[in-house]
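**Q** Got a structure for you, questions after.
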Amino acid sequence: TNPGPDRPPYTPLELPAEEASGFRIKDIVRNLGTAEDGFYGYAGTSYRRNGLVAPEAVTDLEQTSAWVRGRLAALAAQNGFGVLPALTYLVGASEGGLSTVLAMERTGATSRFDGGLALCAPAGDFQRQIEWFGDFRVVFDYYFPGVMPGSAIEIPDEETVVTDANWAATEAAIVAALLADPGATEQLVAVTEVAHDTDTPSTVEEATTQILRYSFMGTNDATAVLGGNPFANAETVYDGSTDDAALNTAVPRYDADPAALSSIESSFQTTGQPQGPLLTMHTTRDPVTPIWHTQLYQAKNAGAAEPVELIAVDRFGHCGFSLPELLSGFSQLVAQVKDEQMVTSRTVFPTAEMQRDFVELARRAGASPVVIE
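Just remember that our numbering sits 5 ahead of the position in the sequence shown, which is counted from 1.
Written out as structure tokens, the structure is:
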């Protein structure tokens with residue numbers, strides 16, 4: 006994945022962080038497989054720009070796959086080998102997860118990717134994802150006016166305001182406002198039904214800041230990329246508060262630009278028809294890309310030639326998977342693509358408990374990976 010829509014779009018391009026669940030991806034990958042079973046390699050790429058870029062990212066990922074396969078062929082020729090059999094697995098998280106799904110749905114996908122694993126992806130309905138961010142923003146502004154700059158559809162003076170330093174100050178102000186007015190915070194949660202852990206109040210603060218970061222960093226970029234404002238709430242009825250009439254009277258109302266809606270429909274919406282094996286993985290209480298995305302995607306996928314499997318992890322957080330969970334999901338993808346079981350070294354896991362968790366999770370889902378010394 007790239008830094009995504011929660012980064013200012015004009016910041017320099019950079020390679021994605023080479024870590025997953027706090028572990029270096031290279032360290033994980035180099036301990037997968039054997040000479041007999043086949044070894045694994047890892048390649049990552051930035052996208053052509055930061056921000057909302059999922060459709061173009063599909064082409065970037067396809068080019069990366071072609072480069073890797075070409076590089077393997079060249080290495081084989083240089084060392085006197087024949088054609089090296091290679092399988093390409095595509096794994097992406099968040100917006101990268103949407104790119105993974107779009108890539109697997111594209112015609113001819115299996116000539117470039119043998120399977121995909123999409124993590125916490127907004128793949129069910131991208132228009133609803135836009136509405137989720139927008140609705141949360143207008144309700145937050147109603148209960149906490151003046152804390153966030155701009156509005157649900159515009160952040161003025163973007164290149165001056167939308168910076169990491171300004172976000173740090175804004176994030177602190179958001180948390181302070183939530184803590185200073187518990188009643189308003191309770192109303193925000195009641196109306197939005199934002200995912201959180203009821204026994205851990207700090208998860209409300211975490212959920213709120215994560216969602217509003219996208220509003221802060223990505224609102225203007227989304228408007229520019231999509232050709233207009235994509236958020237509409239003119240007919241939305243907000244409820245769950247102690248005074249719904251006052252809330253619905255006071256919140257600002259917006260109409261979406263037809264060009265933006267058309268862009269979403271043509272470029273960001275999925276079909277539910279992957280061309281090859283595809284697994285999705287989602288935490289049940291994800292505040293950023295809610296779990297209903299998986300349900301909507303499964304509805305699209307009903308009756309498809311390639312049924313999509315959902316791996317649900319009962320936890321709060323956006324893409325907050327443990328190493329055993331990630332590798333369990335990947336092992337299921339390997340089993341589905343190769344009709345074989347993944348082999349991994351026990352050195353991948355820092356503790357025996359993590360190794361046991363991995364094996365148990367994988368077997369519970371139908372895979373039987375092999376762990377060797």
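The C-beta atom is built at its ideal place from N, Cα and C for all residues, glycine as well.
1) For the segment 20-29 against the segment 63-76, do three or more pairs of beta-carbon atoms, one drawn from each stretch, fall closer than 8 Å, so that the two count as touching?
2) What does a CB cutoff of less than 7 Å around residue 281 pick up in its chain, not counting 5 residues either side in sequence?
3) Return the first residue and the last residue of the beta strand (DSSP E) that residue 314 is part of.
4) Using DSSP's beta-bridge definition, name the partner residues of residue 153.
5) DSSP three-state label for residue 334, please.
6) What does the alpha-carbon distance come out to for the pair residue 38 and residue 180?
7) Please state if the CB of residue 313 and the CB of residue 279 are separated by a distance shorter than 8 Å.
8) Among residues of its own chain, excluding the 5 on either side of residue 322, which ones have a beta-carbon nearer than 6 Å to its beta-carbon?
9) What separation, rounded to the nearest whole angstrom, lies between the Cα atoms of residue 183 and residue 229?
10) Among 269, 239 and 213, whose alpha-carbon lies nearest the alpha-carbon of residue 231?
11) Is the beta carbon of residue 57 less than 8 Å from the beta carbon of residue 227?
12) How is residue 94 classed by DSSP in three states: helix, strand or coil?
13) Taking all protein chains shown into account, do 16 or more other C-beta atoms lie within 10 angstroms of the C-beta of residue 223, making it buried, or fewer, making it exposed?
14) Around the Cβ of residue 158, are there at least 16 other Cβ atoms within 10 angstroms (buried) or fewer (exposed)?
15) Extract the residue ranges of the alpha helix (DSSP H) inside the segment 187-253, only unbroken runs of 4 or more that lie entirely within it.
16) Which residue's Cα is closest to the Cα of residue 171: 221, 127 and 145?
17) What residue does the beta strand (DSSP E) around residue 348 start on, and which one ends it?
18) For a quick check, are the C-beta atoms of residue 150 and residue 161 less than 8 Å apart?
19) Given a threshold of 16 other Cβ atoms within 10 Å of its Cβ, counted over all protein chains shown, does residue 238 qualify as buried or as exposed?
20) Within its chain, find whatever has a CB closer than 6 Å to the CB of residue 315; leave out the 5 residues flanking it on each side and keep chain order.
21) How many angstroms separate the CA atom of residue 122 from the CA atom of residue 248?
**A** Short version:
1) No, the segment 20-29 is not in contact with the segment 63-76.
2) Stepping through the sequence shown from its first residue, residue 281 is reached at position 276. So the list reads 109, 114, 115, 118, 119, 120 and 311, once near-sequence residues are dropped.
3) Working through the sequence shown from its first residue, we reach residue 314 at position 309. Segment 314-321, the beta strand (DSSP E) holding residue 314.
4) Stepping through the sequence shown from its first residue, residue 153 is reached at position 148. Partner(s): none; residue 153 has no beta bridge.
5) As a first step, residue 334 is located in the sequence shown; it is residue number 329 there, counting from the start. In the structure shown, residue 334 adopts helical secondary structure according to DSSP, grouped into three states.
6) Stepping through the sequence shown from its first residue, residue 38 is reached at position 33. Stepping through the sequence shown from its first residue, residue 180 is reached at position 175. Straight through space, the alpha carbons of residue 180 and residue 38 are spaced by roughly 45 Å.
7) Within the sequence shown, residue 279 is the residue found at index 274, counting from 1. Within the sequence shown, residue 313 is the residue found at index 308, counting from 1. Contact check for residue 279 against residue 313 passes: the beta carbons are separated by less than 8 Å.
8) Stepping through the sequence shown from its first residue, residue 322 is reached at position 317. Around residue 322: 288.
9) Here residue 183 refers to the residue found at position 178 when the sequence shown is read from its first residue. Here residue 229 refers to the residue found at position 224 when the sequence shown is read from its first residue. Taking the straight line from one Cα to the other gives about 31 Å.
10) What you label residue 231 is simply residue 226 of the sequence shown in a count that begins at 1. Closest by alpha carbon: 269.
11) Translated into positions along the sequence shown, residue 57 becomes position 52. Translated into positions along the sequence shown, residue 227 becomes position 222. A contact, by the Cβ cut-off of 8 Å.
12) Taking the sequence shown and counting its residues from 1, the one referred to as residue 94 is at position 89. Assigned with DSSP and collapsed to three states, residue 94 falls in strand.
13) On the sequence shown, residue 223 is found 218 positions in, with the first residue counted as 1. By the 10 Å Cβ count, residue 223 comes out buried.
14) Position 153 of the sequence shown holds residue 158. The residue is buried, with at least 16 neighbouring Cβ atoms inside 10 Å.
15) Segments of the alpha helix (DSSP H) lying fully in the segment 187-253: 187-197 and 207-231.
16) The count along the sequence shown starts at 1 and reaches residue 171 at position 166. Nearest of 221, 127 and 145 to residue 171, Cα basis: 221.
17) On the sequence shown, residue 348 is found 343 positions in, with the first residue counted as 1. Run containing residue 348: 348-350, per the beta strand (DSSP E) assignment.
18) One-based indexing of the sequence shown puts residue 150 at position 145. One-based indexing of the sequence shown puts residue 161 at position 156. Contact: no.
19) In the sequence shown, the residue the question calls residue 238 occupies position 233. The residue in question, residue 238, is buried, as its Cβ has 16 or more Cβ neighbours within 10 Å.
20) Within the sequence shown, numbered from 1, the residue matching residue 315 stands at position 310. So the list reads 285 and 299, once near-sequence residues are dropped.
21) In the sequence shown, counting from the first residue as 1, residue 122 sits at position 117. In the sequence shown, counting from the first residue as 1, residue 248 sits at position 243. In this structure, the CA atom of residue 122 is about 43 Å from the CA atom of residue 248.
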